[in-house]
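Novice:
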Amino acid sequence: MFSKIKTCATTKEIWENLIQIREENDEKKENKLTVAQQKYESIKMREGETMAEFDERFSAVVIELTSLGKEYSNRELVLKVMRALPREWDVKMMAMRESKDLNKLELHDLFANLKAYEFELETRSEAPSTSQPTKALAATTSEQCSPSKSAKQLSNDAMSPSSRSIQRRRTDLEGMRRRMKDPRKDQNKEG
């Protein structure tokens with residue numbers, strides 16, 4: 004600033020230059036504020052962006068606005084974050100709106116909650132499936148569904164090994180009963 008007024012000869016010239024410098028600074032500040040407000044209004048969470056990255060980016064815009072004299076209430080910031088999230092977050096946002104008082108919810112608490120939810124989703128998607136399909140529910144091939152197979156054959160194909168074993172024992176037991184009944188009939192006929 005001194006370099007702009009050191010060549011002035013009178014105090015009036017110095018004063019006029021200081022006013023001009025101030026006006027230039029005010030104009031620059033207004034332009035910066037306009038740009039920062041546009042960033043704030045258009046901010047959206049990007050595809051593939053983590054909640055921590057979005058938190059950092061959003062906070063940088065808010066800090067920039069604050070340094071330029073524009074402040075938002077905590078409620079306005081919380082609502083802006085909620086609107087900036089992609090559709091995948093809609094259910095979580097609706098639940099938070101209903102369960103929390105948005106006038107009391109702090110921005111850092113909102114982001115902490117969202118980061119925890121994001122972590123939970125990631126953990127669930129990375130965990131291997133614990134339920135293995137049974138042989139009876141496994142996808143069947145066109146051969147298994149062919150009309151040439153009887154209902155009994157299809158039923159046997161779908162049975163688990165233990166079910167087949169039980170079925171075989173039952174069949175063996177029925178066969179033994181028949182054989183046991185037959186000799187009695189033969190003995191009764193002889194006597």
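Mapped onto our numbering, the consecutive letters of the sequence shown carry residue numbers 4 to 194.
C-beta atoms are modelled at their ideal positions from N, C-alpha and C, and glycine is treated no differently.
Bear in mind the structure is a predicted one, so any value in this text is a computation, not a measurement.
1. Give the straight-line distance between the Cα atoms of leucine 82 and alanine 55, rounded to the nearest whole angstrom.
2. Of the choices Ala119, His111 and Leu68, whose alpha-carbon is the least far from that of glutamate 33?
3. For glutamate 24, which of Val38, Ala12, Ser6 and Ser62 has the nearest alpha-carbon?
4. Straight-line CA distance for lysine 31 to aspartate 58?
5. Measuring CB to CB, does glutamate 121 end up less than 8 Å from threonine 53?
6. Can you tell me whether lysine 39 is buried or exposed? The criterion is at least 16 other CB atoms within 10 Å of its CB, across all chains shown.
7. With distances taken from CA atoms, which of Glu27, Val84 and Leu21 is nearest lysine 42?
8. Asparagine 106 and arginine 86 - do their beta-carbons sit closer together than 8 Å?
9. Spatial neighbours of methionine 96 within its chain, please: C-beta separation below 7 Å, excluding the five flanking residues on both sides.
10. Quick one: grab the DSSP three-state call for arginine 49.
11. Tryptophan 92: which of Val65, Lys73, Arg60 and Lys47 sits nearest, CA to CA?
12. What number of angstroms, rounded off, separates the C-alpha of asparagine 20 from the C-alpha of aspartate 112?
13. Taking 7 Å as the limit between beta carbons, can you name the residues of its chain near isoleucine 22, skipping five residues before and five after?
14. Taking the continuous alpha helix (DSSP H) assigned at leucine 105, which residues delimit it?
15. Under a three-way DSSP split, which group does lysine 3 fall into?
16. Look at serine 80 and leucine 110 and say whether their C-beta atoms are less than 8 Å apart.
17. Helix or strand or just coil, what does DSSP make of alanine 55?
Specialist: Looking at the atomic coordinates:
1. One-based indexing of the sequence shown puts residue 82 at position 79. One-based indexing of the sequence shown puts residue 55 at position 52. Here the alpha carbon of leucine 82 sits roughly 18 Å from the alpha carbon of alanine 55.
2. Within the sequence shown, the letter at position 30 stands for residue 33. Nearest in C-alpha terms to glutamate 33, of all of Ala119, His111 and Leu68, is Leu68.
3. The residue given as residue 24 occupies position 21 in the sequence shown. Note on identity: in this sequence residue 24 is isoleucine, with glutamate being the wrong assignment. Cα-wise, what sits closest to isoleucine 24 is Ser6.
4. Translated into positions along the sequence shown, residue 31 becomes position 28. Translated into positions along the sequence shown, residue 58 becomes position 55. Roughly 27 Å separates the two Cα atoms.
5. Reading the sequence shown from its first residue, position 118 is the one you call residue 121. Reading the sequence shown from its first residue, position 50 is the one you call residue 53. A contact, by the Cβ cut-off of 8 Å.
6. The residue you call residue 39 lines up with position 36 of the sequence shown. The sequence shown places alanine at residue 39, not lysine. Of the other Cβ atoms in all chains shown, 16 or more fall within 10 Å of the Cβ of alanine 39; this residue is therefore buried.
7. As a first step, residue 42 must be located in the sequence shown, where it is residue number 39. It is Val84.
8. On the sequence shown, residue 86 is found 83 positions in, with the first residue counted as 1. On the sequence shown, residue 106 is found 103 positions in, with the first residue counted as 1. Not a contact, by the Cβ cut-off of 8 Å.
9. Here the question's residue 96 lines up with position 93 in the sequence shown. Hits under 7 Å: Met85 and Leu88.
10. Here residue 49 corresponds to residue number 46 of the sequence shown, with the count starting at 1. Three-state result, arginine 49: coil.
11. Indexing the sequence shown from 1 puts residue 92 at position 89. For tryptophan 92, the closest of Val65, Lys73, Arg60 and Lys47 by C-alpha to C-alpha distance is Lys47.
12. Residue numbering aside, residue 20 sits at position 17 when the sequence shown is read from its first letter. Residue numbering aside, residue 112 sits at position 109 when the sequence shown is read from its first letter. The straight-line gap from Cα to Cα measures roughly 48 Å.
13. The residue labelled residue 22 in the question sits at position 19 within the sequence shown. Excluding residues within five positions, none has a Cβ falling inside 7 Å.
14. For the purposes of this step, residue 105 is taken as residue 102 along the sequence shown, with counting starting at 1. First-last for leucine 105: undefined, no H or E at that position.
15. Residue 3 lies beyond the stretch modelled for the chain, which goes from 4 to 194, so this question has no answer here.
16. Counted from its first residue, the sequence shown places residue 80 at position 77. Counted from its first residue, the sequence shown places residue 110 at position 107. The question names serine, but residue 80 is leucine in the sequence shown. Cβ distance < 8 Å, so leucine 80 and leucine 110 count as in contact.
17. Residue 55 sits at position 52 when you count from the first residue of the sequence shown. The three-state secondary structure of alanine 55, taken from DSSP, is helix.
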